[in-house]
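Q: Protein chains in written order, with the working numbering: chain A, 48 to 297; chain B, 48 to 297. Glycine is no exception: its CB is placed at the ideal position from the N, C-alpha and C atoms. Since the model is a prediction, treat every value here as computed from it, not as a measurement.
2 protein chains.
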Amino acid sequence: MGKRASAELGTGRADDGLGGNGRDETIYRNLFVAIVENHLAPGTKLPEDTLAETYGVSRTSIRKVLQRLAHERLVDVRLNRGASVAQPSVGEARDIFSARRIIECGAIPQVIAKATPAALEELRELVSREHAAQDRGDWRESIYLSGAFHVALIRLSGNETLTDFLTQLVSRSSLVIATYGSPQTASCRHSEHDDVIGIIAAGDVDGAARWMDRHLRDVERSVVLVEEEPVAADLKKILEEVAQRRTKLR
Amino acid sequence: MGKRASAELGTGRADDGLGGNGRDETIYRNLFVAIVENHLAPGTKLPEDTLAETYGVSRTSIRKVLQRLAHERLVDVRLNRGASVAQPSVGEARDIFSARRIIECGAIPQVIAKATPAALEELRELVSREHAAQDRGDWRESIYLSGAFHVALIRLSGNETLTDFLTQLVSRSSLVIATYGSPQTASCRHSEHDDVIGIIAAGDVDGAARWMDRHLRDVERSVVLVEEEPVAADLKKILEEVAQRRTKLR
DNA sequence: ACTTCATCTATTGGATACACTTTTATATCA
DNA sequence: TGATATAAAAGTGTATCCAATAGATGAAGT
Numbered sequence: 048m049g050k051r052a053s054a055e056l057g058t059g060r061a062d063d064g065l066g067g068n069g070r071d072e073t074i075y076r077n078l079f080v081a082i083v084e085n086h087l088a089p090g091t092k093l094p095e096d097t098l099a100e101t102y103g104v105s106r107t108s109i110r111k112v113l114q115r116l117a118h119e120r121l122v123d124v125r126l127n128r129g130a131s132v133a134q135p136s137v138g139e140a141r142d143i144f145s146a147r148r149i150i151e152c153g154a155i156p157q158v159i160a161k162a163t164p165a166a167l168e169e170l171r172e173l174v175s176r177e178h179a180a181q182d183r184g185d186w187r188e189s190i191y192l193s194g195a196f197h198v199a200l201i202r203l204s205g206n207e208t209l210t211d212f213l214t215q216l217v218s219r220s221s222l223v224i225a226t227y228g229s230p231q232t233a234s235c236r237h238s239e240h241d242d243v244i245g246i247i248a249a250g251d252v253d254g255a256a257r258w259m260d261r262h263l264r265d266v267e268r269s270v271v272l273v274e275e276e277p278v279a280a281d282l283k284k285i286l287e288e289v290a291q292r293r294t295k296l297r
Numbered sequence: 048m049g050k051r052a053s054a055e056l057g058t059g060r061a062d063d064g065l066g067g068n069g070r071d072e073t074i075y076r077n078l079f080v081a082i083v084e085n086h087l088a089p090g091t092k093l094p095e096d097t098l099a100e101t102y103g104v105s106r107t108s109i110r111k112v113l114q115r116l117a118h119e120r121l122v123d124v125r126l127n128r129g130a131s132v133a134q135p136s137v138g139e140a141r142d143i144f145s146a147r148r149i150i151e152c153g154a155i156p157q158v159i160a161k162a163t164p165a166a167l168e169e170l171r172e173l174v175s176r177e178h179a180a181q182d183r184g185d186w187r188e189s190i191y192l193s194g195a196f197h198v199a200l201i202r203l204s205g206n207e208t209l210t211d212f213l214t215q216l217v218s219r220s221s222l223v224i225a226t227y228g229s230p231q232t233a234s235c236r237h238s239e240h241d242d243v244i245g246i247i248a249a250g251d252v253d254g255a256a257r258w259m260d261r262h263l264r265d266v267e268r269s270v271v272l273v274e275e276e277p278v279a280a281d282l283k284k285i286l287e288e289v290a291q292r293r294t295k296l297r
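#1: DSSP three-state label for L56(A), please.
#2: Go through the segment 162-241 of chain A residue by residue and report every complete run of the alpha helix (DSSP H) that reaches 4 residues or more, in order.
#3: Excluding the 5 residues preceding and the 5 following S218(A) in the sequence, name in chain order all residues of the same chain whose CB lies nearer than 8 Å to its CB.
#4: Less than 9 Å separating the beta-carbons of V137(A) and Y227(A)?
#5: Within 10 angstroms of its Cβ, does D123(A) collect 16 or more other Cβ (buried), or is it exposed?
#6: Let's see if you can read the secondary structure: which residues bound the alpha helix (DSSP H) around G254(B)?
#7: Just to check my reading of the structure: E207(A) and D142(B) have Cβ atoms closer than 8 Å, yes? What is that Cβ distance to the nearest angstrom?
#8: Does the distance from the C-beta atom of R183(A) to that of N85(A) stay below 9 Å?
#9: State buried or exposed for L263(A), treating a residue as buried only when at least 16 other CB atoms are found within 10 Å of its CB.
#10: Suppose the cutoff is 8 Å on Cβ atoms and the five residues either side in sequence are ignored; what does the same chain contact list for G205(A) look like?
#11: Does T73(A) come within less than 9 Å of chain B when only Cβ atoms are used?
#12: Anything in chain B within Cβ reach of F212(A), meaning under 8 Å, just list it in chain order.
#13: Hey, L170(B) and A133(B) are a contact pair by Cβ (cut 8 Å); roughly how many whole angstroms apart?
#14: Go through its chain and collect everything with a Cβ distance to K111(B)'s Cβ below 7 Å, but skip five positions before and after it.
#15: Examine chain A for any beta-carbon lying closer than 9 Å to the beta-carbon of V124(B), and answer yes or no.
#16: Could you confirm whether any beta carbon from chain A is found closer than 9 Å to the beta carbon of I150(B)?
#17: When the Cα atoms are used, what is the spatial distance from V164(B) to V223(A)?
#18: Closest Cβ-Cβ distance between I143(A) and chain B: below 9 Å?
#19: Spell out whether any CB of chain A is found under 9 Å from the CB atom of N77(B).
#20: I believe I159(A) touches I244(A) by the beta-carbon criterion, under 8 Å. Please report the beta-carbon distance rounded to the nearest angstrom.
#21: Return the Cβ separation of A130(B) and L93(B) in integer angstroms, given the expectation that the two are a contact with Cβ distance under 8 Å.
#22: Is V104(B) helix, strand or coil when you go by DSSP?
#23: With a threshold of 7 Å on Cβ separation, who are the neighbours of A180(A) within its own chain once the five nearest residues in sequence on each side are excluded?
#24: Tell me where the alpha helix (DSSP H) around R141(B) begins and ends.
#25: Just verifying my parser: in three-state terms, what is the DSSP assignment at L93(B)?
#26: Report, in whole angstroms, the separation of the C-beta atoms of I155(B) and M259(B), which I expect to be a contact under 8 Å.
#27: Would you report the Cα separation of R148(A) and R257(B), rounded to the nearest angstrom?
#28: Which residues does DSSP list as the beta-bridge partners of D123(B)?
#29: Give the secondary structure of L65(A) by DSSP, where H, G and I count as helix, E and B as strand, and everything else as coil.
#30: Under a three-way DSSP split, which group does N85(A) fall into?
#31: Quick one: Cα of S229(B) to Cα of D253(B), how far?
#32: How long is the line joining the alpha carbons of R167(B) and E239(B), rounded to whole angstroms?
#33: Any Cβ of chain B within less than 9 Å of the Cβ of K92(A)?
#34: To the nearest angstrom, report how far apart S175(B) and D241(B) are at their CA atoms.
#35: Could you tell me the alpha carbon to alpha carbon distance between T210(B) and T107(B), rounded to whole angstroms?
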């Protein structure tokens with residue numbers, strides 16, 4: 048089977064300018080996938096000892112990986128309190144999708160300018176894999192491949208910097224979906240990815256940009272529903288509020 | 048004097064979700080400014096021991112800071128070879144400015160939607176400080192404030208994620224200027240920042256976007272002149288190529 | 001029973017120690 | 001003199017150790 052580098056989320060560069068060696072990279076990628084594919088729920092604590100034992104390295108290496116993930120905003124690191132899987136707020140979620148619209152629509156002209164038949168064929172293959180995952184009900188793989196498609200599309204622009212930004216936005220989107228979406232939400236509707244390939248192949252810049260804008264708004268609307276209640280911790284406060292309201296009503 | 052948080056490049060957030068404490072933050076900011084203001088030339092080696100002694104901490108803390116800077120692509124870290132101030136390639140430089148055009152133009156609608164008179168006044172103050180720096184010939188401060196202006200503008204959009212991206216792009220732009228620009232290049236021409244404030248105040252979305260696109264193209268054109276010769280290291284290879292060509296021609 | 005305070009444990013932050021790699025300096029030979 | 005091999009030095013990568021902090025547990029007092 049042909050190389051499928053373009054199917055990978057994340058930088059995937061051998062020399063990424065970050066100085067990571069093979070072992071670090073493996074650990075990073077394991078955690079990355081675990082978070083993005085939602086094997087680890089948002090808010091999950093990530094104790095250094097546990098991870099160190101899991102991967103058979105010292106805490107030093109783990110801390111390096113955690114900091115990298117923190118910088119990509121996939122984990123939250125608080126002073127003296129360790130790392131946990133990030134829980135994007137509703138505001139963050141909106142920012143993420145807004146940024147995606149700006150970047151993905153804005154890059155369309157260059158994507159179309161550089162799109163070769165071979166590149167489009169790779170995109171089609173990616174979509175077919177996405178459909179296959181959907182058909183067999185593998186929503187994790189489906190969401191992952193959906194994100195990979197968006198990244199692969201922008202990668203065609205040849206702008207590595209922009210691709211890195213989008214990679215971060217897409218992986219954070221997965222966290223948003225995990226936090227605010229119902230399981231069905233994200234997996235069902237958008238097998239629309241087929242459509243845009245045709246529009247791009249036709250060289251229709253405005254059409255492709257419009258498609259992308261609408262597509263991203265659809266995804267966002269299907270996901271960021273309402274501000275969630277702050278988790279169980281504030282149970283007491285909630286009960287107090289209820290008590291107060293009853294007092295007022297009496 | 049009023050708060051001038053918006054004049055700072057970099058995140059400046061107290062809790063930045065990265066788990067840095069005050070001392071780390073100070074070291075980070077020192078190095079950040081040293082690089083962005085071009086006190087450290089691109090390519091300068093940054094040995095951990097030296098930095099550790101300089102700031103009176105252990106290498107552990109230094110490494111954390113260096114990794115953060117590496118992730119922001121202001122320093123280059125190579126395995127077993129340590130960190131050095133990044134030297135963006137010409138391709139990278141083009142990518143950076145291309146990404147800036149997409150983001151800064153794309154965010155204009157939201158910037159205009161949220162621009163308050165007070166916010167515009169802060170921008171004006173920033174520009175006047177930039178002019179003051181220019182007039183007194185302080186090109187370092189001038190470049191810094193020019194970047195801070197662009198960041199402050201986009202920050203008006205309220206999109207923190209996008210602002211973070213732009214912050215990175217702007218600081219990398221300073222590196223590009225340091226690498227490829229002549230000293231005069233960047234400092235002289237664009238005191239044009241005044242103009243865009245008026246356009247934004249007038250609510251002219253298209254006009255502001257056009258202005259921004261042209262402005263960024265001007266800056267890029269004045270800087271990324273030609274592909275530089277790969278430094279002295281490849282001297283031998285060049286001589287060999289010359290020798291080979293002579294063999295062929297003979 | 002509920003709150004408050006003290007102690008104890010688990011976990012993180014930072015420094016040190018040591019192994020390994022790269023680079024520089026030196027010596028040897030053509 | 002110039003090139004190559006060897007040895008010393010410098011610098012980075014990782015593990016371990018100790019101190020500091022947060023969270024948990026339990027006791028005392030209201």
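A: Concretely, from the data shown:
#1: Mapped onto the first sequence, residue 56(A) falls at position 9. If DSSP states are grouped into helix, strand and coil, L56(A) belongs with coil.
#2: Listed in chain order, the complete alpha helix (DSSP H) runs (minimum 4 residues) inside the segment 162-241 of chain A are 164-182, 186-202, 207-227, 230-235.
#3: Position 171 of the first sequence, counted from the start, is the residue given in the question as residue 218(A). Taken in chain order, the residues that qualify are L56, G57, F79, I82, V83, E119, L121, G194.
#4: To locate residue 137(A), count along the first sequence from 1; it is residue 90. To locate residue 227(A), count along the first sequence from 1; it is residue 180. It is a contact, given that the beta carbons lie within the stated cut-off.
#5: Counting from one through the first sequence, the residue named residue 123(A) turns up at place 76. D123(A) sits buried, since 16 or more C-beta atoms from the chains shown fall within 10 Å of its C-beta.
#6: Your numbering for residue 254(B) matches position 207 in the second sequence. Counted as a single uninterrupted DSSP element, the alpha helix (DSSP H) harbouring G254(B) occupies residues 252-268.
#7: Residue mapping note: residue 207(A) aligns to position 160 of the first sequence, counting from 1. Residue mapping note: residue 142(B) aligns to position 95 of the second sequence, counting from 1. The pair is a contact, with the Cβ atoms about 6 Å apart (cut-off 8 Å).
#8: For the purposes of this step, residue 183(A) is taken as residue 136 along the first sequence, with counting starting at 1. For the purposes of this step, residue 85(A) is taken as residue 38 along the first sequence, with counting starting at 1. When the beta-carbon positions are compared, R183(A) and N85(A) stay at least 9 Å from each other.
#9: Here residue 263(A) refers to the residue found at position 216 when the first sequence is read from its first residue. Label assigned to L263(A): buried.
#10: What you label residue 205(A) is simply residue 158 of the first sequence in a count that begins at 1. In its chain, beyond the 5 residues on either side, Q157, K161 have a beta carbon closer than 8 Å to the beta carbon of G205(A).
#11: Taking the first residue of the first sequence as position 1, residue 73(A) is located at position 26. Chain B contact via Cβ: absent.
#12: Sequence index remark: in the first sequence, residue 212(A) carries index 165 (1-based). Chain B residues near F212(A): A146, F212.
#13: Position 123 of the second sequence, counting from 1, holds the residue named residue 170(B). Position 86 of the second sequence, counting from 1, holds the residue named residue 133(B). Incorrect: roughly 29 Å between the Cβ atoms, too far for contact.
#14: Your numbering for residue 111(B) matches position 64 in the second sequence. Short of 7 Å from the beta carbon of K111(B), and not among the five residues preceding or following it, lie these beta carbons of its own chain, in chain order: D71.
#15: In the second sequence, residue 124(B) corresponds to position 77, counting from 1. Using a CB distance cut-off of 9 Å, V124(B) counts as an interface residue toward chain A.
#16: For the purposes of this step, residue 150(B) is taken as the residue at position 103 of the second sequence. Interface residue, yes.
#17: In the second sequence, residue 164(B) corresponds to position 117, counting from 1. In the first sequence, residue 223(A) corresponds to position 176, counting from 1. As written in the sequence, residue 164(B) is Pro, which differs from the Val given in the question. Taking C-alpha positions only, P164(B) is separated from V223(A) by approximately 34 Å.
#18: Residue mapping note: residue 143(A) aligns to position 96 of the first sequence, counting from 1. Chain B has a Cβ within less than 9 Å of the Cβ of I143(A).
#19: Start at 1 with the first residue of the second sequence, and residue 77(B) comes out as number 30. Contacts with chain A at 9 Å (Cβ-Cβ) do not include N77(B).
#20: Stepping through the first sequence from its first residue, residue 159(A) is reached at position 112. Stepping through the first sequence from its first residue, residue 244(A) is reached at position 197. Not quite, the Cβ-Cβ distance comes to about 11 Å (not below 8 Å), so this is no contact.
#21: The count along the second sequence starts at 1 and reaches residue 130(B) at position 83. The count along the second sequence starts at 1 and reaches residue 93(B) at position 46. About 4 Å separates the beta carbon of A130(B) from that of L93(B), a gap short enough to meet the 8 Å contact definition.
#22: Along the second sequence, one-based indexing puts residue 104(B) at 57. It is coil, neither helix nor strand.
#23: On the first sequence, residue 180(A) is found 133 positions in, with the first residue counted as 1. The beta carbon of A180(A) is closer than 7 Å to those of E188, S189, L192 in its chain, skipping five residues each way along the sequence.
#24: For the purposes of this step, residue 141(B) is taken as residue 94 along the second sequence, with counting starting at 1. In this chain, the alpha helix (DSSP H) harbouring R141(B) covers 137-153.
#25: What you label residue 93(B) is simply residue 46 of the second sequence in a count that begins at 1. In this structure, DSSP gives L93(B) an extended state, which the three-state scheme calls strand.
#26: Position 108 of the second sequence, counted from the start, is the residue given in the question as residue 155(B). Position 212 of the second sequence, counted from the start, is the residue given in the question as residue 259(B). Right, the Cβ-Cβ distance comes to about 6 Å (below 8 Å), so this counts as a contact.
#27: Against the first sequence, residue 148(A) aligns to sequence position 101. Against the second sequence, residue 257(B) aligns to sequence position 210. Cα to Cα, R148(A) sits roughly 19 Å from R257(B).
#28: Counting from one through the second sequence, the residue named residue 123(B) turns up at place 76. According to DSSP, D123(B) bridges with S131(B).
#29: In the first sequence, the residue the question calls residue 65(A) occupies position 18. L65(A) falls in the strand class under three-state DSSP.
#30: Reading the first sequence from its first residue, position 38 is the one you call residue 85(A). Look at N85(A) here: in three-state DSSP terms it is coil, with no helix or strand label.
#31: Residue 229(B) sits at position 182 when you count from the first residue of the second sequence. Residue 253(B) sits at position 206 when you count from the first residue of the second sequence. One alpha carbon belongs to S229(B), the other to D253(B), and they sit about 32 Å apart.
#32: Residue 167(B) sits at position 120 when you count from the first residue of the second sequence. Residue 239(B) sits at position 192 when you count from the first residue of the second sequence. It should be noted that the sequence gives Leu, not Arg, for residue 167(B). Their backbone Cα atoms lie some 15 Å apart in a straight line.
#33: Along the first sequence, read from residue 1 onward, the residue named residue 92(A) stands at position 45. Output row for K92(A): interface = no.
#34: Against the second sequence, residue 175(B) aligns to sequence position 128. Against the second sequence, residue 241(B) aligns to sequence position 194. Between S175(B) and D241(B), the C-alpha separation is close to 9 Å.
#35: Here residue 210(B) refers to the residue found at position 163 of the second sequence. Here residue 107(B) refers to the residue found at position 60 of the second sequence. Within the model, the alpha-carbon separation for T210(B) versus T107(B) is close to 29 Å.
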